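Please read the structure below before turning to the comments.
Residue numbers (UniProt numbering): 1 to 325.
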């Protein structure tokens with residue numbers, strides 16, 4: 001059986017090609033899945049357009065996928081069952097979701113939660129999983145709707161926009177950080193109460209501690225933004241860090257930690273334990289499920305992937321993009 005696959009080859013980096021593959025060419029795994037949808041994430045763009053995260057060649061990228069089990073060597077999954085597989089080594093060292101079929105290790109696969117369709121699960125994808133893990137960990141460290149404002153820099157991105165909507169649904173006062181004035185109405189529709197610019201959330205001069213503004217922050221940006229947020233959290237506040245679009249270097253001191261008892265929480269959506277992952281997906285299908293999923297997604301095909309991934313690297317995207325197989 002042959003099928004369409006978007007393939008990255010190291011000898012031709014920065015441009016994936018659609019090829020006809022056979023099932024036997026797929027890397028070994030326990031569960032063969034007929035893919036219905038995948039999604040587009042910043043990590044996918046780094047794999048295809050920068051190449052530094054691609055650990056094998058040829059590689060089918062796509063760190064997320066959702067579809068139907070064709071056959072399984074593991075008795076936890078059966079033919080016809082709807083499932084999700086995200087992160088781990090999918091799309092970096094193991095063939096991923098940008099193909100009509102995928103073969104995935106059983107320990108990386110999770111049944112589709114009741115309350116979500118396959119399409120909805122990929123509108124959420126790793127971005128939604130990251131947002132859910134962030135909110136859960138913030139709540140475990142004392143965040144609650146009456147505690148004060150929660151800031152979300154990079155609010156028009158996948159993690160950012162979903163975080164805005166989820167937090168607002170839970171009753172939080174959400175401050176969205178973006179320089180895209182044209183996106184203000186959209187962010188307000190998602191539930192943002194206030195807007196701030198990117199520069200207002202960046203470290204411009206070295207200050208160890210500033211006036212406390214935020215009860216919490218969901219930060220997929222990193223760099224100077226994280227440096228600034230650490231100095232402006234209120235007493236006992238927390239920042240959940242999950243991304244690096246703004247850089248990996250953070251300048252800080254111990255003062256906010258020992259003077260205000262703040263928490264800097266790392267969010268790992270790649271290898272987090274299945275128990276945490278399953279709980280996050282349960283919440284994504286229940287109390288954290290956004291209200292505007294179908295209205296905020298851009299749906300594409302494999303033929304449009306190269307152009308979309310280029311725009312992701314340039315920061316010229318808004319919200320979520322899914323790939324229909």
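Backbone N, C-alpha and C define an ideal beta-carbon position, used for all residues, glycine too.
Values in this document were obtained by computation on a predicted structure and should not be read as measured data.
Give every residue of the same chain whose Cβ lies closer than 8 Å to the Cβ of residue 83, excluding the five residues on either side of it in the sequence, and list them in chain order. 31, 33, 66, 67, 68, 69, 77, 109, 110, 111 and 112
In angstroms with no decimal places, state the Cα-to-Cα distance between residue 268 and residue 239. 14 Å
What is the rounded straight-line gap between the Cα of residue 196 and the Cα of residue 175? 7 Å
State the beta-bridge partners of residue 90 as determined by DSSP. 94
Rank 21, 221 and 79 by C-alpha distance to the C-alpha of residue 315 and give the top, closest one. 221
8 Å contact criterion, which residue 152 and residue 163 should meet: CB distance rounded: 5 Å
Going by the DSSP bridge assignment, what does residue 21 pair with across the sheet? 3
Can you tell me the Cα-Cα spacing of residue 258 and residue 218, whole angstroms? 21 Å
With C-beta atoms as the reference, is residue 44 less than 7 Å away from residue 60? no
Residue 324 in three-state terms, based on DSSP: strand
Among the candidates 274, 270, 149 and 123, whose CA atom is the shortest distance from the CA of residue 321? 123
Alpha carbon of residue 211 to alpha carbon of residue 142, nearest angstrom: 20 Å
Does the contact criterion of 3 or more C-beta pairs under 8 Å hold for the region 180–189 versus the region 200–216? no
Could you tell me the boundaries of the beta strand (DSSP E) in which residue 68 lies? 64–72
When you compare only the Cα positions, how much space is there between residue 91 and residue 57? 11 Å
Out of 199, 9, 266 and 18, state which residue places its alpha-carbon closest to the alpha-carbon of residue 305. 18
When DSSP labels each residue in this structure, what does residue 145 get in the three-state scheme? helix
Proximity winner among 325, 271 and 178, relative to residue 129 (alpha-carbon distances): 271
Can you say whether residue 199 is buried or exposed, counting buried as having 16 or more other CB atoms within 10 angstroms of its CB? exposed
Between residue 228 and residue 119, is the Cβ-Cβ spacing less than 7 Å? no
Alpha carbon to alpha carbon, what distance is there between residue 281 and residue 291? 16 Å
With a 10 Å radius around its C-beta and 16 neighbouring C-beta atoms as the bar for buried, classify residue 166 as buried or exposed. buried
Using CA coordinates, which residue listed in 168, 235 and 158 is at the minimum distance from residue 178? 158
With a Cβ-Cβ cutoff of 7 Å, do residue 264 and residue 237 count as a contact? no
Kindly indicate which three-state DSSP category residue 34 falls into: helix, strand or coil? strand
Determine, using beta carbons only, whether residue 246 and residue 231 come nearer to each other than 7 Å. no
Same chain only: Cβ atoms within 6 Å of residue 132, ignoring 5 sequence neighbours per side: 280, 283, 284 and 288
Among 223, 216 and 193, nearest to residue 204 - alpha-carbon criterion: 223
Residue closest to residue 96, alpha-carbon to alpha-carbon, out of 28, 149 and 116: 28
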